[in-house]
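To start, the structure itself, in structure tokens.
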Amino acid sequence: MKEEGFLIGFLSIVFSVAVLSAQQPATAPPEAEVPADAAVRTLVGHLSLERYKATVKGLTRFGDRRQGTDRNRAAIDWIEAQLKAYGCTNTERFQYDYQPPPTPAGGRAGAGRGGRGRGGNAPRGFTGPTGVNNDPLRQPDVKLRELNMQPSVPGLREQVYCTKVGTTRPGEMYILGGHMDGIGYGEAANDDGSGTAIVMELARVFHLPNIQTERSIRFILWNNEESGLDGSRAYVEQRKARQGMEDPPGSGRFPEPRWLGMIQHDMMMFDHGMPRPDRTVSPEQRPEADVNIEFAGGSKMASEAQALAWLFREANERYATDYPAAVGNRMQNTDSVPFQDEVAAISLRENERRAQIGAGWNPHWHQPTDVFATFSDKDFRLGLNAAQTTLAAIAQLAGATITP
Ligand SMILES: [Zn+2]
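Using my numbering, you'd call the opening residue of the sequence shown number 362 and step up by one each time.
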């Protein structure tokens with residue numbers, strides 16, 4: 362059973378790479394279009410460290426953006442305004458109801474989610490502390506502490522998305538996601554301002570003048586990830602049966618194009634290595650930092666997801682400027698999980714979620730120190746390289762072209 366899975370996976374990779382290569386034209390391309398490789402390079406060239414940092418900075422103005430608060434709703438309004446300003450003007454709000462599960466007697470809500478050693482073996486090497494800060498008074502910045510004071514109230518929730526409509530296959534799409542909500546009473550700069558900023562930056566680049574894609578691309582900023590993937594789960598439940606339906610019939614409009622892949626970006630900046638024997642972590646980004654691309658090895662779509670993950674690594678090798686990518690099979694605890702049995706789903710992260718983040722490799726995770734000022738340009742650059750990776754992969758998969 363296992364070997365079979367690997368063989369199918371391997372064949373899918375060969376197939377995908379062949380498709381990828383076939384998109385690099387060997388002969389002169391049609392004169393109206395820039396050749397694929399040059400087009401990808403041009404698109405990637407529209408990303409910059411300064412723009413990426415500015416988008417993360419913009420998100421941190423809303424504190425930790427905890428779901429069910431005014432600061433969370435204000436952040437959604439700002440994200441929507443930005444998407445429209447980038448030319449992704451068909452923004453929509455997805456609505457759902459969120460009621461938190463009852464707090465278990467003697468326990469704390471939200472504590473211990475995805476703790477160390479979850480899903481199998483004990484972590485290797487040295488580990489550091491993990492946990493969620495649930496005390497707003499631990500934020501030393503008084504202004505930020507006040508901004509984060511309002512508690513979450515159950516009820517109606519929204520999450521915003523916009524869609525680049527494909528020219529020849531509008532009824533098929535890739536979904537690019539990040540979660541805009543955070544916890545911990547900081548600024549949620551890394552978790553997940555860093556992933557949200559990637560999705561927003563890609564929405565901007567794909568909507569620059571003269572750029573078309575054959576297939577559609579949806580840019581979505583999930584809410585309620587930190588409470589248990591509730592926003593993405595609601596989306597899958599409400600929308601999976603509506604994929605590919607033309608509505609109204611004959612209109613050429615596909616409110617929910619058929620899903621071709623779901624790519625999540627969650628915590629993209631901090632890869633300072635394993636904790637030291639005293640459980641502290643190096644203050645410097647490690648030079649061998651990488652982007653971790655994970656798929657769920659036990660999911661129904663594992664073969665397809667694995668092929669997608671390797672295709673992303675290939676895109677990283679060809680088009681990312683500084684940091685490499687690694688592939689792993691333990692995707693978990695993020696918004697790609699509700700999709701994993703429906704479509705090829707992968708997550709991009711600064712570290713592997715289970716073996717590394719779960720073992721305390723990021724001391725700012727869900728802490729008051731997850732603020733913009735904590736991170737250096739080397740950290741932001743890892744996020745930029747993840748953006749380059751996804752942009753290059755999706756430009757090829759969605760069939761991006763540039764009209765001179
Ligand atoms: Zn996250």
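Every residue, glycine too, gets a C-beta built ideally from N, C-alpha and C. For clarity, every value in this text was computed on a predicted model and none was experimentally measured.
Inter-residue distance for residue 398 and residue 605 is about 29 Å (C-alpha atoms, whole angstroms). In the DSSP assignment, residue 708 falls within the beta strand (DSSP E) that extends over 706 to 710. Residue environment: residue 514 is assigned as exposed (fewer than 16 neighbouring CB atoms within 10 Å of its CB, all protein chains considered). In the structure shown, the three-state DSSP call for residue 621 is strand. Taking 8 Å as the upper bound for CB-CB distance, residue 684 and residue 723 are not in contact here, some 16 Å apart. In the DSSP assignment, residue 458 falls outside any alpha helix (DSSP H) and lies within the beta strand (DSSP E) extending over 453 to 459. Every beta strand (DSSP E) of 3 residues or more that sits fully in the region 498 to 575 is shown, in chain order, as 516 to 525, 530 to 540 and 572 to 574. Taking a C-beta distance under 9 Å as the contact criterion, residue 726 and residue 545 qualify as a contact pair. Residue 736 and residue 550 have their C-alpha atoms some 9 Å from each other. Annotation for residue 762: the continuous beta strand (DSSP E) segment containing it runs 761 to 763.
In this structure, residue 744 lies near residue 417, with their beta-carbon atoms less than 9 Å apart. For residue 583, DSSP records a beta bridge to 540. In this structure, the C-beta of residue 556 approaches ligand 1 to less than 8 Å from one of its heavy atoms.
Between ligand 1 and residue 561, a heavy atom-to-CB distance of less than 8 Å is absent. If you check the CB distance, residue 690 and residue 714 do not come in under 9 Å. Note that the C-beta distance between residue 593 and residue 698 is below 9 Å. If you ignore the 5 residues before and after residue 490, its C-beta comes within less than 7 Å of the C-beta of 640 and 721, all in its own chain and listed in chain order.
Non-local beta-carbon contacts of residue 439 in its own chain, meaning distances under 6 Å to residues more than five positions away in sequence, are absent.
It is roughly 6 Å from the alpha-carbon of residue 681 to the alpha-carbon of residue 750. Per DSSP, reduced to three states, the secondary structure at residue 665 is helical.
Here the alpha carbon of residue 552 sits roughly 5 Å from the alpha carbon of residue 628. Unbroken alpha helix (DSSP H) runs of no fewer than 4 residues, entirely contained in the region 589 to 652, are found at 591 to 600, following chain order. Chain-ordered, the residues whose CB falls short of 5 Å from any heavy atom of ligand 1 come out as 552, 553 and 627.
Per DSSP, residue 405 is not a residue of any beta strand (DSSP E); the alpha helix (DSSP H) it occupies stretches across 397 to 406. Rounded to whole angstroms, the Cβ separation of residue 429 and residue 731 is 19 Å, and the two are not in contact under 8 Å.
If you draw a 10 Å sphere on the C-beta of residue 576, you find 16 or more other C-beta atoms in it, and that means buried.
Buried is the label assigned to residue 586, since at least 16 other Cβ atoms lie within 10 Å of its Cβ. The three-state secondary structure of residue 676, taken from DSSP, is helix. Membership of residue 417 in the alpha helix (DSSP H) is indicated by the continuous run 410 to 421. Here DSSP, grouped into helix, strand and coil, assigns residue 691 to strand. Here the alpha carbon of residue 581 sits roughly 4 Å from the alpha carbon of residue 522.
Nearest in C-alpha terms to residue 410, of all of 742, 616 and 584, is 742. Under the three-state reduction of DSSP, residue 733 is assigned to helix. According to the DSSP secondary-structure assignment, residue 577 is paired through a beta bridge with 534. Taking all protein chains in view, the Cβ of residue 538 is crowded by 16 or more other Cβ atoms within 10 Å, so the residue is classified as buried. In this chain, the alpha helix (DSSP H) harbouring residue 441 covers 431 to 446.
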